[in-house]
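In the working numbering, the protein residues as written are 2 to 339.
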């Protein structure tokens, strides 16, 4: 019976938090740590899922979703007709190289790996754009809202410029192959995104025009950063992060701990740009190292916190540094090296 692995990378938003929900563009990236799903065909109609989060046994004809495995379950439901036509079941084993604590887009990576695996086993031949559409519907069904920028980064790899579809804009996903390191520093706590959005709505309820202006500025900065990165105009690209962080502070989502970490990282000589990552009021601060090119390749990967004036303070915070992965979600057999 067939046996193979689908893999999807960790991912992180670079620019576009908050504004992307309202139709403005975002920049996100795939990172070189992976979610793997091992697929083994079975000679019955069962669907077995093994994960560190939960284990589930169900059938393809009466497919049920475990509350901790909703992204896998809903993806299987989207392919249920094709799966039933195969007249056999599947066993899925999910393995992750990274924890869900630091914001590495684990849900998007699991969903991407599942969708690409299902696309493969059913010979559906969906493009990655079509898989994104299916995945976006699943995210909205589970979470109530979501731009699915992280799903685009996981599917396509590299640095992704993501323009969400709106009434007057088509979906655009432009992929750049960029070589740089990303550092994420976890502040020690998180505020659920829904609570952050509710806080923003309450704070700005009497100033809707000013809030809309903030989102427009965020969108403009993200566009500028994408153009600068495409043209290797790196000073403008780096400076876009400083501008975006200022807008997030104005929005009210960069609290005292995040402000402190941003300032500490700005003082590090190997950090070229930094800002909060995610919706804010907790979670992570993101820092980027120098962008390299084929004309000036990276010689060695140093810790971005090396030579920081207060490196012992930063050591107290959970952190991870990863290079950008040029590869997005993909399939390979178990006989290949991985």
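Idealized CB from N, CA, C, for every residue including glycine.
Asked                                                                                                                                                                          : Found
Which residue or residues does DSSP assign as beta-bridge partners of residue 175?                                                                                             : 162
Would residue 242 be called buried (16 or more neighbouring beta carbons within 10 Å of its own) or exposed?                                                                   : buried
Please name the residue, chosen from 274, 292, 289, 262, that lies closest to residue 282 on a Cα-to-Cα basis.                                                                 : 262
Nearest-angstrom Cα distance between residue 53 and residue 96?                                                                                                                : 8 Å
State the DSSP-derived secondary structure class of residue 236, mapped to helix, strand or coil.                                                                              : helix
Could you give the DSSP three-state label for residue 78: helix, strand or coil?                                                                                               : helix
Between which two residues does the alpha helix (DSSP H) holding residue 220 run?                                                                                              : 209-231
For the alpha helix (DSSP H) containing residue 198, name the first residue and the last one.                                                                                  : 194-204
Less than 9 Å separating the beta-carbons of residue 325 and residue 160?                                                                                                      : yes
State the Cα-Cα distance for the pair residue 22 and residue 149, rounded to the nearest angstrom.                                                                             : 9 Å
Is the distance from the Cβ of residue 248 to the Cβ of residue 222 below 9 Å?                                                                                                 : yes
Do residue 115 and residue 83 have their C-beta atoms closer together than 9 Å?                                                                                                : no
Output needed for residue 268: all residues of its chain with C-beta closer than 6 Å, excluding positions within five of it in sequence on either side, in chain order.        : 310
Taking only the alpha-carbon atoms, compute the straight-line gap between residue 230 and residue 93 and give it to the nearest angstrom.                                      : 39 Å
Can you list, in chain order, the residues of its chain with a C-beta nearer than 7 Å to that of residue 337? Leave out the 5 residues immediately preceding and following it. : Note on residue 337: pLDDT 44, under 50, position unreliable in the model; the coordinate value appears next. If we look at residue 337 and ignore the five residues flanking it on each side, it has no Cβ neighbours.
Please give me, in chain order, every unbroken run of the beta strand (DSSP E) with length at least 3 that falls completely inside the stretch 14-101.                         : 27-43, 47-51, 56-60, 90-97
Quick check on this structure: which residue in 104, 89, 132 has the alpha carbon closest to the alpha carbon of residue 320?                                                  : 104
On a Cα-Cα basis, can you pick out the residue from 155, 136, 154 that is closest to residue 146?                                                                              : 136
Can you round the beta-carbon distance between residue 333 and residue 73 to whole angstroms, since I take them to be within the 8 Å contact cut?                              : Contact flag wrong, Cβ pair sits at about 19 Å.
Leaving out five residues before and five after residue 13 in sequence, what residues of the same chain have Cβ atoms less than 7 Å from its Cβ?                               : 29, 30, 32, 104, 105, 106, 183, 185, 278, 287
Rounding to the nearest angstrom, what Cα-Cα distance links residue 252 and residue 201 in this structure?                                                                     : 7 Å
Taking the alpha helix (DSSP H) that residue 155 falls in, what are its first and last residues?                                                                               : 150-157
So what's residue 318 in DSSP terms, helix, strand or just coil?                                                                                                               : coil
Identify whether residue 247 lies in helix, strand or coil by the three-state DSSP scheme.                                                                                     : helix
Secondary structure at residue 125, three-state DSSP: helix, strand or coil?                                                                                                   : coil
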